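Novice:
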Amino acid sequence: MVTNEIAPAAPGRYAAINGLSMYYEIHGTGRPLVLLHGALTTIEGSFQRMLPTLAANRQVIAVEQQAHGRTADIDRPLTYEGMGKDTAELLRQIGVKEADIFGYSMGAAIALEITVRHPELVHKLVLVSPSYTREGAYPEMYEGEENLKPEDLAGTPFAEEYARTAPNPDDWPGLIEKVKQLDREFQGWTPGEIRSIRAPTLVIIGDSDVVRPEHAVEFFRLLGGGVPGDLVGLPRSRLAVLPGTTHITLIDRTDWLLSMIGEFLDAPVPEGGGV
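In this text, residue positions in the sequence shown follow our numbering: the first is 1, and each later residue adds one.
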């Protein structure tokens, strides 16, 4: 049953990962499901309304990336390569050999990086608001981000979560600058790298997201989608576009997301229709 209750507090854990003291939580038991949050936010900020339902029959491993939430920053830039390595190493340290991965926004890109570089770790993939190239997002998003200042986020959930959870709350301006640099230098992955993905993938965007709908369709096709399923069978991958939904509101479409994600993760892998 879908619930919107906030997950009860769980004792967090830390692991020594590539110079980080990396924070993570484990909820529930069953097949592992890794949760990767969005930029400037935390486990709670991205997943608190979904976590109880997801953990009802799965082992949910929720991670906070470098400089986010309870994971303190270190002297290196934020990169998808680095965050992908950090997360893959965490999974190896805690003995997870294969997992489903659910990433939102920045977390979707980290999930993609893990899948391309460490495919043996990934069983199924849920990408919420992903782009695999810089051109996948509207240019207005990058332009607006370049002008973003810490005071612009004062009083928002982003700033309040950081102040509440960060080991060094005064590092907030530094995190904003690192996220801006991350997006400024983002190059993405090649079409060939996306085609190489064999993990069944669910791509979800909002119809008024920062990700262009044309890009989501292109992405879906590279993953083996865009076929006449009645004739050749369903592909391994799926595409959902949520109506009346922006980038920020997408992760709060809890009932829709849980119904689609749960069914996708539980479904057998189709035998035909694409890669």
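Ideal placement from N, C-alpha and C gives every residue a C-beta, glycine not left out.
Nothing here was measured: the structure is a model prediction, and the numbers come from that model.
(1) If you count every other CB in all the chains shown that lies within 10 Å of the CB of residue 24, and 16 or more means buried, which is it?
(2) Using CA atoms only, rank isn't needed, just tell me which of 107, 70 and 94 is closest to residue 83.
(3) Along the alpha helix (DSSP H) that carries residue 159, what are the first and last residues, could you check?
(4) Select from 190, 170 and 191 the residue whose C-alpha is nearest the C-alpha of residue 68.
(5) Suppose contacts are defined by Cβ-Cβ distances below 9 Å. Is residue 245 in contact with residue 192 by that definition?
(6) If I'm right that residue 28 touches residue 59 with Cβ under 8 Å, what's the distance once you round it to whole angstroms?
(7) Can you have a look at residue 44 and say buried or exposed, based on whether 16 or more other CB atoms are within 10 angstroms of its CB?
(8) Using a threshold of 9 Å, state whether the C-beta atoms of residue 20 and residue 35 are closer than that.
(9) What whole-angstrom Cβ distance do residue 41 and residue 161 have, given they're in contact under 8 Å?
(10) Between the beta-carbon of residue 200 and the beta-carbon of residue 98, is there less than 9 Å?
(11) Could you tell me how far apart the beta carbons of residue 180 and residue 77 are, in whole angstroms, since I believe they sit closer than 8 Å?
(12) Between 223, 208 and 218, which has its C-alpha nearest residue 195's C-alpha?
(13) Taking just the CA atoms, how far does residue 126 sit from residue 243?
(14) Under the assumption that residue 211 contacts residue 136 (Cβ atoms under 8 Å), give the Cβ distance between them as a whole number of angstroms.
(15) In this structure, does DSSP put residue 41 in helix, strand or coil?
(16) Reducing DSSP to helix, strand and coil, say where residue 298 ends up.
(17) Put residue 32 into one of helix, strand or coil per three-state DSSP.
(18) Quick check on DSSP: helix, strand or coil for residue 179?
(19) Mapping DSSP to helix, strand and coil, what is residue 142?
(20) Quick check on the DSSP output: what are the complete alpha helix (DSSP H) runs of length 4 or more inside the region 93-157, in order along the chain?
(21) Under 9 Å, do residue 217 and residue 202 count as touching if we go by C-beta distance?
(22) Taking residue 147 as the reference, which of 266, 62 and 184 has the closest Cα?
(23) Comparing alpha-carbon positions, which option in 264, 168 and 176 lies nearest residue 158?
(24) Locate the alpha helix (DSSP H) running through residue 54, then write down its first and last residues.
(25) Compute the distance between the beta-carbons of residue 15 and residue 112, then report whether it is under 9 Å.
(26) Taking 7 Å as the limit between beta carbons, can you name the residues of its chain near residue 54, skipping five residues before and five after?
(27) Using a Cβ cut-off of 9 Å (strictly closer), state whether residue 188 contacts chain C.
(28) At the level of alpha carbons, what is the spacing between residue 266 and residue 120?
Specialist: In this structure, then:
(1) buried
(2) 107
(3) 157-165
(4) 170
(5) no
(6) 5 Å
(7) buried
(8) no
(9) 6 Å
(10) no
(11) With 8 Å as the limit, residue 180 and residue 77 do not qualify as a contact, their Cβ atoms being about 11 Å apart.
(12) 223
(13) 18 Å
(14) 6 Å
(15) coil
(16) The chain is shown from 1 up to 275; residue 298 falls before or after that span and cannot be answered.
(17) strand
(18) helix
(19) helix
(20) 106-117 and 139-146
(21) no
(22) 184
(23) 176
(24) 51-54
(25) no
(26) 33 and 60
(27) Among the protein chains of the structure shown there is no chain C, as only one such chain exists.
(28) 19 Å
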